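Visitor: Here it is, the structure, as structure tokens.
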Amino acid sequence: MSYKEHWKRFQQQAADLVAQMTVEEAASQLTYAAPAVERLHIPAYNWWNEALHGVARAGTATVFPQAIALAAMFDETEVFTMGGIIAEEARAKYHMQAAAGDRDLYKGLTFWSPNINLFRDPRWGRGQETYGEDPFLTARLGCAYVNGLQGDGPYMKAAACAKHFAAHSGPEATRHGFDAHVSAHDLWDSYLPAFETLVKEAHVAGVMGAYNRVNGEPCCASAKLNALLQDWGFDGYFVGDAWALHDLYQFHPLTEGPVDTMERSLPAGCDLDCGDTYLHAMEAYRAGRIAEADIRAAAVHLFTIRFALGEFAPDCPYRDTPFSEVDSEENNAAALRMSEKSAVLLKNDGLLPLKLASIKNIGVIGPNADSVEVLRGNYCGEASRWETNLRGVEDYVGDKARVRYAQGCHLYKTSVMDLAQEDDRLSEACAVARLSDVVVLCLGLDPTLEGEQGDAGNEFAAGDKRDLSLPAPQQRLLEAVCETGTPVVLVMNSGGAMDLRYAQEHCGAVLQVWYSGAHGGAALARLLFGAAAPAGRLPVTFYQDVNDLPGFEDYTMTGRTYRYYRGTPLYPFGYGLSYTVFAYSDLRIAADRLCAGSSLKLEVCVANSGTCNADEVTQVYLQKQNVGAADPIFRLCGFCRTHLAAGESRQLSFEIPAELFYTVAEDGSRAYVPGRYTVYVGGHQPDARSFALTGSRVLHAGVELLAAD
1 MSYKEHWKRF
11 QQQAADLVAQ
21 MTVEEAASQL
31 TYAAPAVERL
41 HIPAYNWWNE
51 ALHGVARAGT
61 ATVFPQAIAL
71 AAMFDETEVF
81 TMGGIIAEEA
91 RAKYHMQAAA
101 GDRDLYKGLT
111 FWSPNINLFR
121 DPRWGRGQET
131 YGEDPFLTAR
141 LGCAYVNGLQ
151 GDGPYMKAAA
161 CAKHFAAHSG
171 PEATRHGFDA
181 HVSAHDLWDS
191 YLPAFETLVK
201 EAHVAGVMGA
211 YNRVNGEPCC
221 ASAKLNALLQ
231 DWGFDGYFVG
241 DAWALHDLYQ
251 FHPLTEGPVD
261 TMERSLPAGC
271 DLDCGDTYLH
281 AMEAYRAGRI
291 AEADIRAAAV
301 HLFTIRFALG
311 EFAPDCPYRD
321 TPFSEVDSEE
331 NNAAALRMSE
341 KSAVLLKNDG
351 LLPLKLASIK
361 NIGVIGPNAD
371 SVEVLRGNYC
381 GEASRWETNL
391 RGVEDYVGDK
401 ARVRYAQGCH
411 LYKTSVMDLA
421 QEDDRLSEAC
431 AVARLSDVVV
441 LCLGLDPTLE
451 GEQGDAGNEF
461 AAGDKRDLSL
471 PAPQQRLLEA
481 VCETGTPVVL
491 VMNSGGAMDL
501 RYAQEHCGAV
511 LQVWYSGAHG
521 GAALARLLFG
531 AAAPAGRLPV
541 TFYQDVNDLP
551 GFEDYTMTGR
561 TYRYYRGTPL
571 YPFGYGLSYT
581 VFAYSDLRIA
591 ADRLCAGSSL
601 KLEVCVANSG
611 TCNADEVTQV
621 YLQKQNVGAA
631 DPIFRLCGFC
641 RTHLAAGESR
651 QLSFEIPAEL
661 FYTVAEDGSR
671 AYVPGRYTVY
681 VGGHQPDARS
691 FALTGSRVLH
701 AGVELLAAD
């Protein structure tokens, strides 16, 4: 049977079950903590669960790198693999807990992941949860996650949920009442494509509405926005973000209370309330404000998911998933591998990889050197073993060299000890640096400084960043350690772009490792000493200065991201160095004249011409000739991560989907515009800054797009 045939069966089973319910029983199922209906042998079910980078908030689980780090891998296969591992661990936990009668929060099989919002501004604290600033990369990795998590069998392994529909990316402090003004062009060019792709291609089971409004439309109670999902063929369930429906009458305000809110949200397609608004469903029904048909329709959507998960099917094969799958050795090996793959080498003056045989003393310095927080990222599970940066280096080096540690400074406070003078750990750090042959300096942020409102505390009390600077104590530490003259490898933990201009000028190497997962320290050590080679690429632009950008509350894409930013970045999207050298040749496109509506196939040869085995991330970009102000400068339209041994070459094939040749008009309409286009293929963007940093160019070929017949 096809996907659609299976889904129709589940829909019919759900409809038959809901038809047996009283209206009160059906209404009771529209809240995230759905009670049991014992008369019909329906157990209680809690819909709220999280799994951005591993099963979260439910005890021990394999902890993968944060989503932004996964994006830096540029590897759909690995994200798919992670999704499958999450589903296996979730199944093992769910059936164990259900057997014990434990149906609490974070114990279900419906995961409110992935976050496919666009990381449009580096100040956004929750940008770490996303797959970066590019709609195509976000869509491809989002599909990989959903396909891995949900599986391809008759029953879903687990249910994914794409969030936060339709346009949401800060500010955190005002998200509960904020109205994002988004042009029709930007909506269809940048904000909506990933959602459309996950609905149409990956058949994502759920969609979550955002807290904010978009052009006046409340994202959790908008018939207009819901119509978009229906146009795309969405047949899953829609849930409002946590207490988002409450916001409609408290913060926006658009309604006068729970009953008034339900009258607006339920007919607009919001099936499930993660909050307390839908507890008033019967009050609204008895007052004639909502219809029984809408209550039952929402319940059918929800029970379709539960049937698709095999909750009521004794033959569901995932019921037998053993608990030994949780935190298994194999799963942790995958997490370590992804930590290695996600690291991005931003600078290397020949300092890396370190040659352990010639090093006697290593200094590991910085507030993030021995921090577990920088491994976690928000929405995180609990690892059975956390390997910090310091621990990773110590374990790898063993007795081959002396490792000295100094905290150097507090993460953001002026002193480590209360009542102490400013920079009370700086002199110790400099002493360690002078005694060392090389310093591994671990700086950046952690999820207590950037993240979701309520989880992260900073000057906004909301998780966003005012600027891209290092906290002042860390900047002083960086400068002081560099001034000792000892070679410095800067290791940056953060959820997005930071101001690294000083480091680019003064450090021998810079390695961006994000929030790197439970085994981040072990991965770091392997990268530092050459047991693994860095091959990650930036999924975001590292700007020179936050003042180069429009205001944070301005949702226009003009002047943002590599697609529309016309300045010179510090590090461009798609950039990353390697320990080896790759060469491209023999670019061939299937046709230099292409009929609109057709895909374009191409081939290229890539060779590892260096002496180190390593991965290469090949990127394909498209540029329209005579780029207009509303057109992307470049557009990513293909990528592939390939492992090549030293001296090995390989022929790679790509196919640019027809829809990537669309031009989005001012009114949001999409059309093929005949004319000349250029296809670029190589290890980075075809921009001047990437060439200046890498010294390598990309190949290119022209194609003429013809009007459709």
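Numbering of the sequence shown is given in full-length UniProt numbering, commencing with residue 1 and proceeding in unit increments.
Ideal Cβ placement from N, Cα and C applies to all residues, glycine included.
Small disclaimer: the values here were computed from a predicted structure and weren't measured.
With Gln623 and Phe634 assumed to form a contact (beta carbons below 8 Å), what rounded beta-carbon distance in angstroms separates them?
Guide: 5 Å
Visitor: By DSSP, does Arg91 sit in helix, in strand, or in coil?
Guide: helix
Visitor: Please decide whether Leu356 counts as near chain D, where near means a Cβ-Cβ distance under 8 Å.
Guide: Protein chain content of the structure displayed is limited to a single chain, and chain D is not contained in it.
Visitor: Determine the DSSP secondary structure at Thr31, reduced to helix, strand or coil.
Guide: strand
Visitor: Is the beta carbon of Gly83 closer than 8 Å to that of Glu382?
Guide: For Glu382 and Gly83, no; Cβs fall outside 8 Å.
Visitor: Can you check the region 5-67 for any beta strand (DSSP E) of at least 3 residues that lies completely inside it and give the ranges in chain order?
Guide: none
Visitor: Count the other C-beta atoms from every protein chain shown that fall within 10 angstroms of the C-beta of Asn547, then say buried if there are 16 or more, exposed otherwise.
Guide: Around the CB of Asn547, fewer than 16 other CB atoms lie within 10 Å, so the residue is classed as exposed.
Visitor: Could you give the C-beta distance for Asp545 and Gly170, rounded to a whole number, given that I count them as a contact under 8 Å?
Guide: The pair is not a contact, with the Cβ atoms about 19 Å apart (cut-off 8 Å).
Visitor: Among His519, Val513 and Leu279, whose alpha-carbon lies nearest the alpha-carbon of Ala535?
Guide: Val513
Visitor: Rounded to the nearest angstrom, how far is the Cβ of Val481 from that of Ala509, given a contact under 8 Å?
Guide: At roughly 14 Å, the Cβ-Cβ gap does not stay under 8 Å, so Val481 and Ala509 are not in contact.
Visitor: For the candidate residues Leu309, Asp446, Gly209 and His252, whose alpha-carbon lies nearest to that of Ala369?
Guide: Asp446
Visitor: CB-CB under 6 Å to Thr462, same chain, minus the five flanking residues each way: which ones, in chain order?
Guide: Checking the sequence shown, residue 462 turns out to be Ala, not Thr. Only Glu172, Ala173 and Gln453 meet the Cβ criterion.
Visitor: Leaving out the 5 sequence neighbours to the left and right, which residues in its chain are closer than 6 Å to Tyr278 when beta-carbon positions are compared?
Guide: Leu30 and Thr31
Visitor: Could you please give me the residues that DSSP links to Arg593 through a beta bridge?
Guide: Glu704
Visitor: Rounded to a whole number of angstroms, what is the C-alpha to C-alpha distance between Tyr621 and Gly610?
Guide: 25 Å
Visitor: For Tyr379, which residues of its own chain have a beta-carbon under 6 Å away from its beta-carbon, when the five flanking residues on both sides are left out?
Guide: Glu50, Leu52 and Ala56
Visitor: Is the region 563-574 touching the region 599-609, taking contact as three or more C-beta pairs under 8 Å?
Guide: No, because fewer than three Cβ pairs between the region 563-574 and the region 599-609 fall closer than 8 Å, the two stretches do not touch.
Visitor: What runs of the beta strand (DSSP E), each 3 residues or longer, lie entirely inside the region 197-227?
Guide: 206-209
Visitor: For the 8 Å Cβ check, are there 3 or more pairs between the region 66-79 and the region 136-152?
Guide: yes
Visitor: Go ahead and pull the three-state DSSP assignment for His506.
Guide: helix
Visitor: Please state whether the Cβ-Cβ distance between Leu356 and Lys400 is less than 8 Å.
Guide: yes
Visitor: How big is the Cα-Cα spacing for Leu693 and Asp499?
Guide: 17 Å
Visitor: According to DSSP, is Leu105 part of a helix, a strand, or is it coil?
Guide: coil
Visitor: Assuming Thr110 and Ile305 make a contact with CB atoms under 8 Å, what is their CB distance in whole Å?
Guide: Contact holds; Cβ gap of about 7 Å.
Visitor: In three-state DSSP terms, what is Leu660?
Guide: helix
Visitor: In whole angstroms, what separates the C-alpha of Phe460 from that of Glu666?
Guide: Summary for Phe460: the model assigns pLDDT 47, below 50, so the residue's position carries little reliability, and this model does not support an answer.
Visitor: Short check: CB of Tyr515 to CB of Ala69, under 8 Å?
Guide: yes
Visitor: Could you tell me if Val627 is buried or exposed, where buried requires 16 or more neighbouring beta carbons within 10 angstroms of its beta carbon?
Guide: exposed
Visitor: Thinking C-beta only, is Ser222 closer than 8 Å to Leu118?
Guide: no
Visitor: Roughly how many angstroms separate the alpha carbons of Ser265 and Ala298, rounded to a whole number?
Guide: 11 Å
Visitor: His301 and Gly275: beta carbons closer than 8 Å?
Guide: The answer is no: Cβ separation not under 8 Å.
Visitor: State whether the region 550-561 contacts the region 181-188, with contact taken as three or more CB pairs (one from each stretch) at a distance under 8 Å.
Guide: yes
Visitor: Would you mind stating whether Pro674 and Ala707 have Cβ atoms separated by less than 8 Å?
Guide: Taking 8 Å as the Cβ cut-off, Pro674 and Ala707 qualify as a contacting pair.
Visitor: Is it right to say Thr486 is buried, meaning 16 or more other beta carbons lie within 10 angstroms of its own, or is it exposed?
Guide: buried
Visitor: With burial defined as no fewer than 16 other Cβ atoms inside 10 Å of the residue's Cβ, what is the status of Ser342: buried or exposed?
Guide: buried
Visitor: What would DSSP say about Arg676, mapped onto helix, strand or coil?
Guide: Arg676: strand per DSSP, three-state reduction.
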